[in-house]
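**Student:**
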Amino acid sequence: MGLTATAPLDLNIGVSQGRLETVVDGLGLTQVADLVPTPSTPIPKGRARDLGIITLPGPNRGLSAKLATYAQVSKQVAARTPTTTVGLIPQDFRQLQGQFQLQARLTGTTARPRVRFDLAGQDWRWQQYQLETLQARGNYRDGSLTLEESQAQYQERTGRLTGTLALNGAQDAQLEVQNLPLELINPLLPKTTRLTGDLSSQAQIRGTLRQPVVTAPVQVAALQVNGRDLDPVTTRVNLQAGRLALSQTQVGINRRGAVVVGSLPIPILNPSDPRLDLRVILPGADLPLLNLLSDQLVWQPAAGEASLTVGGTFADPQVDGVVSLQQAAVRVTRLGSDLVINNLNANLDRRVVRVADFNGSLGGAALTGQGEIPIRRPNLTVDNPLAVNVDGNIDLPRLYRGGIAGRLLFGGALTEPVLGGGLILNPGNLLLGLRDFQALAQGPTTTVRAINETTVASLPLSFRQFNIQLGPQFGVAVASLNARLDGSLALNGPLDKLQPTGQVTLPQGLLEIGSARFRIDPSRTNTLTFVGNTDPQLDIQAEASVSDFVGTGSFGGLQRTGLTNIPVQLPLGRYEKIQIQARVTGTASRPDIELRSSPPRDQVEILALIGGDLFNPAAQSSSLLTGLVPALSGQLLSPIERDLAALLGLDELNIGLASLVAPSGPTTFGLGVGVEAVKDLSPVLSLSASRNLTENALPALFGLRYRLSDKIVLRLNTTEQFDEQVLYFQYDTRF
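Its first residue numbered 3, the sequence shown is counted upward by one per residue in this note's numbering.
(1) Let me know if Ser76 comes out buried or exposed under the rule of 16 or more other beta-carbons within 10 Å of its beta-carbon.
(2) Apart from the five residues just before and just after Gln19, which ones in its own chain have a Cβ nearer than 8 Å to its Cβ?
(3) Measuring CB to CB, does Ala348 end up less than 8 Å from Val332?
(4) So the candidates are Arg592, Arg521 and Arg585; which of them puts its Cα closest to the Cα of Ala679?
(5) Buried or exposed: Asp12, going by 16 or more other Cβ atoms within 10 Å of its Cβ?
(6) When the Cβ atoms of the region 369-379 are set against those of the region 300-311, are three or more pairs found closer than 8 Å?
(7) Going along the chain, which unbroken runs of the beta strand (DSSP E) with 3 or more residues stay wholly within the region 63-150?
(8) Taking all protein chains shown into account, decide if Ala9 is buried (16 or more other Cβ within 10 angstroms of its Cβ) or exposed.
(9) Assign Asn170 to one of two classes, buried (16 or more other C-beta atoms within 10 Å of its C-beta) or exposed (fewer than that).
(10) Tell me whether Phe316 is buried or exposed, calling it buried when 16 or more other Cβ atoms sit within 10 Å of its Cβ.
(11) Would the beta-carbon of Gly430 fall within 8 Å of that of Phe476?
(12) How close, in whole Å, do the beta carbons of Arg585 and Gln539 come, if the pair is a contact with beta carbons under 8 Å?
(13) Going straight from the alpha carbon of Thr111 to that of Gly165, what length do you get?
(14) Once DSSP output is grouped into helix, strand and coil, what is the label at Thr24?
(15) So, at 6 Å on beta carbons, what are the nonlocal neighbours of Val342 in its own chain, with the 5 sequence-adjacent residues on each side left out?
(16) Return the Cβ separation of Gly473 and Ile612 in integer angstroms, given the expectation that the two are a contact with Cβ distance under 8 Å.
(17) Contact defined as beta carbons within less than 8 Å: I believe Leu433 pairs with Arg400. What is the distance between those atoms, to the nearest angstrom?
(18) With a CB to CB cut of under 8 Å and the five nearest residues on each side skipped, what residues in its chain are close to Pro524?
(19) Report all residues from its chain with a CB closer than 7 Å to the CB of Val262; omit the five preceding and five following residues, and keep chain order.
(20) State the beta-bridge partners of Arg707 as determined by DSSP.
(21) Specify, as a first and last residue, the run of the beta strand (DSSP E) that Gln180 falls within.
(22) Tell me whether Arg96 is buried or exposed, calling it buried when 16 or more other Cβ atoms sit within 10 Å of its Cβ.
(23) Can you give me the C-alpha to C-alpha distance between Gly414 and Ala154, rounded to a whole angstrom?
(24) So the candidates are Arg526, Ala358 and Phe532; which of them puts its Cα closest to the Cα of Gln501?
(25) Relative to the alpha-carbon of Asp200, which residue among Leu530, Arg159 and Thr507 has its alpha-carbon at the smallest distance?
(26) Of all the options Gln213, Gly244, Pro290 and Gly286, which has the alpha carbon lying nearest to the alpha carbon of Pro273?
(27) Would you tell me roughly how many angstroms separate the C-alpha atoms of Gly588 and Gly394, rounded to the nearest one?
(28) Compare the Cα-Cα distances from Leu512 to each of Asn656, Ile406 and Leu427 and report the closest residue.
(29) At the level of alpha carbons, what is the spacing between Ile714 and Leu609?
(30) Could you tell me if Leu759 is buried or exposed, where buried requires 16 or more neighbouring beta carbons within 10 angstroms of its beta carbon?
(31) For Gly366, which of helix, strand or coil comes out of DSSP?
(32) What number of angstroms, rounded off, separates the C-alpha of Gln173 from the C-alpha of Ser146?
(33) Give me the residue from Pro234, Val34 and Pro376 with the minimum Cα distance to Pro319.
(34) Spatial neighbours of Leu729 within its chain, please: CB distance less than 6 Å, with the 5 preceding and 5 following residues excluded, ordered by chain position.
(35) Can you say whether Leu716 is buried or exposed, counting buried as having 16 or more other CB atoms within 10 angstroms of its CB?
(36) Tell me which same chain residues have a C-beta within less than 7 Å of the C-beta of Asn188, skipping the five on either side of it?
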C-alpha cells in the first residue's frame, strides 16, 4: 500500500467465525523458528556444484534401467529429507486449527504498532495440544505482550497466564496450571522412559525468553513412571541460568518420601553450568522407589539407608555415597524367586561401587560376596572385581531345583553386567520346558512393558566364559527326553543370543519316539554337543522292547446281539518280544532317527510297533488304542517311576498299561498293568525283569544284556521257569 515506517495506524478489527488456518496462510507463517530473531552473522551458503549431478539415462534405455535410476534418486531424496518427530513445542504452524472471534484496535505506526485485543477461541488443535475454550484480553506494545486476562481449558485441565511477556525484553508474568498432563514432556525424555500424571503449580516467570527465571511450588497427582505409581511428589523448583534447583522435595511411595535436593542442568536452555549436583537420601523403607528402574528387580521395604551424591554430567554421572541395608528382599522376575539381602555394606566412589560385605540367599542357596564393579563404564578397570559365592540347595521355579555351588564373577558394569566364573549343578533337575528353550533360541522370553507401542528394555545381561558343570546326578526332562546329564558347558554372549559350547553325556535316561519309550544305551557314549547355539547336535543310541502279535489263524463263532446272532472272527496267535534300536543324530530341532529291530522288521512294521499308527488316520481302532497305551502311561507315571526307582536302588523302573493276551472281541480291547525293572551292573552289563501284573497267563521275563564291543551286543532272555530261552547276537555295521 506504500505506507512508510512512520505512517500512523488507527484501525478497528472485528472477526466472527474466524479460522486459524486462514490466519496462518494469510501471514505466510510456516515455522515457529521464523518468529525467533536469528543471529546477525551471515550463514555461509554452499555452491550449486556441491549438490552433485544425477545423470539420467537416455530415452533408449530400457524400462528396468529407468526404474533402477528412479529408485536410486528416491533413496537420495529420502536421505536428504529430515524425519518428522513430535517435539515439546510444535514447529509447523500449518498444523494449527480452530475457530476464534476477535475484537481489536490497531494504533501506533507501521514500524511500531500497538494492539488492544479481546480474543475468544474454540476447539484449538496443534499436534498434541488441544483446547476446548480460550479467553485472552490485553495489549501488545513495543515488542511486549501484556495479558490482563488469559485462560485456557480442556476438560478438567485449566491454565491461567497474566503479566508481561517479551521476545527480547524482560518477562514478568504469573502462570497457574491445574492438572497439566505430563505426557506432553515425553518427547524430551529417553525413549525407554514414559510419564503420566497431572501437574499443578503457580509459577512466577521472570528473566528473558532465552534465559527464563522461574520459581514455583509443584505438585504431581497420579504420577506413573513407566507404569508404576509414584506418590507423593512435591517440590519447590527454581529455574535460573538454565539450571533447575530442587528444594523441599518429597518423592516416595504410599505417602512415604525420600529426600532429593540440589540442581541439574536443562540442556535445551543452554545452562551456564552443565554439571549435576544432587543429594539423595533413600531410607530402606522407600526401596520400592528403585522399582522405577526395571521390571526385572522388584524391591520390598527394608531396614537401613542409602545416602548418595550425584555429580558429573548426564553423559558421565559420578555417584558418591554409602549404602547400608539389612533384611531386604528383591523379587527377581526372570527367575521367579526372591533375593534376600541379610546385610549389604557398600561405598560408591564416583564411577565404581565397592561392596565391602554382602550376605544373603537366592531361592534358599547361601550367597556371600565382595568386590568392585563400575557403575556405567564397562571398560573401566577395577582392582578387585565383584565376586559372589553360591552354595546350598536352590529352588528357582521353572528353571532349576537342586544343589548348586560355585563362584560368580561380575564384570562389565552395574547397568550392563557381564557374568563370568562357574557353577556346579548337582544333584538337581532342570525345570525348563521345550517352549522355554525355543524362546531362548529366538530371543528374550519377557518384555518388561510396552508403553505407547514403545518397548522398555530389561536389564541387559551377558556371559563371558561362564562355565557350568552338570552332573553326574543332573536330570533334565525336555520334550521327549528324560535323562541324566554329565558334562560341562561354557556360556558366552547376551542372554537373548546365548552361545553355549561344550559336550554333555547321557549315561542314563529315556527317549520317547512315537508312543514308545526307549532306554538310552548305557554301554556307549551318548552325547549332546553345543557348538555356539542352543540347538545341540545329537548322538544318542537307545533301545526299546515291544510286543508283536503274530497271527496263526482265526476262530469263527457267533456273537448274540439282542435277538440277532452276528458271525465274528477272533484272531489266534502268539506274542513275540521285539528289540528295537534307535540311533538319533542331527540336531534337537531337526533330529534324524534311524530304527532297526531284532528279529528284523521293516520300517513300516517298526513304526507300527512303536505307535506309528497314531499318525495314520486310516489305522484300526485297536491299533490306535495300542499306540495310546504307552503314551498315556508314560505321561502319567513318569514322576512316580523316578521316585520309586531311586528308592529301590534301580536304574530304571517302568510302570505302564499293557494289553491282555487276546482281545475280548473284534471291536473291544482289554488293558492290564505291567512293570519292568532295570539294573546296570556295569557300563556294559545290565539285568532286567518284566511282568504283566494283571495277566497270569504271561510269565515273568528276565533279560541279560552284555556289550562285547562297540559293534557286538549279546542278549539273553528267559522266563521265570527257564522253560524258554532266547539268545540274540547283535552286530552293528555301517557302510
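Even glycine gets a Cβ: it sits at the ideal position worked out from N, Cα and C.
**Tutor:** Looking at the coordinates:
(1) By the neighbour-count definition (other C-beta atoms within 10 Å, threshold 16), Ser76 is an exposed residue.
(2) Gln101 and Gln103
(3) no
(4) Arg521
(5) exposed
(6) no
(7) Whole beta strand (DSSP E) segments, 3+ residues: 98-111, 115-128 and 131-143.
(8) By the beta-carbon neighbour count (other beta carbons within 10 angstroms, threshold 16), Ala9 is exposed.
(9) exposed
(10) exposed
(11) Yes, they are a contact pair.
(12) Rounded, the Cβ-Cβ distance is 14 Å, inconsistent with contact.
(13) 24 Å
(14) helix
(15) Non-local C-beta neighbours of Val342 in its own chain, meaning closer than 6 Å and more than five positions away in sequence, comprise Ala331, Gly362 and Ser363, ordered along the chain.
(16) Actually they do not touch by this definition, with Cβ atoms about 29 Å apart.
(17) 5 Å
(18) Pro509, Gln510, Asp653, Asp682, Pro685 and Ser688
(19) Leu248, Thr251, Val253, Leu280 and Val282
(20) Ser688 and Arg717
(21) Start and end: Gln173 to Pro183.
(22) exposed
(23) 51 Å
(24) Phe532
(25) Arg159
(26) Gly244
(27) 37 Å
(28) A check of alpha carbon separations from Leu512 across Asn656, Ile406 and Leu427 identifies Asn656 as the nearest.
(29) If I take the Cα positions, the gap works out to 24 Å.
(30) Summary: the structure shown does not reach residue 759, with the chain confined to residues 3 through 737, and so no result is reported for it.
(31) coil
(32) 9 Å
(33) Pro376
(34) Beyond the five residues adjoining it in sequence on each side, Leu729 comes within less than 6 Å, by CB distance, of Leu718 in the same chain, given in chain order.
(35) exposed
(36) Within the same chain, Asn188 has close Cβ partners Arg196 and Leu197.
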